[in-house]
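Presented below is the structure to which this report refers.
Residue numbers (my numbering): 377 to 562.
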């Protein structure tokens, strides 16, 4: 068995540490192991359309450090009352947007993604449908940082093994983005 100490810390947008914990993971060579550590952020600043608060989780194991950005928010759909973000009724003003950009095509720079999301927000849009294509990580970062809800969508419609694999992969890849509030197939 191999034993590895892993240090976790969470910092807010100002770089202030708001939570930390150390855990030990035990595994045998060439195997997978799951373990659980609890981190509690007291009075978290919630992510929303108007205040897109983000946190950074740092994980250190030996000399290797990995980071992940995330936000804390709650969502609820009520059949009679609509959509709620952090307990507040929120009217969704969405746009179905293709990933390309006039004159550039689909090779968008990070700056163009931020520009596109900023312009949509100026027009009153608060939700972005990824028009039957998985969004780029850069687009999701822009939505997380600028406060835009995202309908994360795969290209393949159906329940074939490949369609389910693509949807599962998309959910696993994008699950820590607070902007993503719903997933869709085709």
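Even for Gly, the Cβ is constructed at its ideal location relative to N, Cα and C. Just so we're clear, the structure is a prediction, and the values are computed from it rather than from any experiment.
Judged by pairs of C-beta atoms under 8 Å, the stretch 552-561 touches the stretch 513-528, as three or more such pairs exist. Secondary structure of residue 556 (DSSP, three-state): strand. Residue 382 is a Cβ neighbour of residue 436, given a cutoff of 9 Å. For residue 454, the closest alpha carbon among the candidates 447, 446, 492 and 463 is that of 463. Residues of the same chain with a CB within less than 8 Å of the CB of residue 427, apart from the 5 flanking positions on each side, are 421 and 523 in chain order. According to the DSSP assignment, residue 549 belongs to the alpha helix (DSSP H) that extends over 537-550.
According to DSSP, residue 527 shares a beta bridge with 505 and 558. Between the alpha carbons of residue 561 and residue 472 lies a distance of about 14 Å. Between the C-alpha atoms of residue 538 and residue 509 there is a straight-line separation of about 15 Å.
Of 497, 410 and 394, the smallest CA-CA separation from residue 430 is found for 394. Under the DSSP definition of a beta bridge, residue 458 partners with 454. Secondary structure note for residue 516: its alpha helix (DSSP H) is the uninterrupted segment 513-522.
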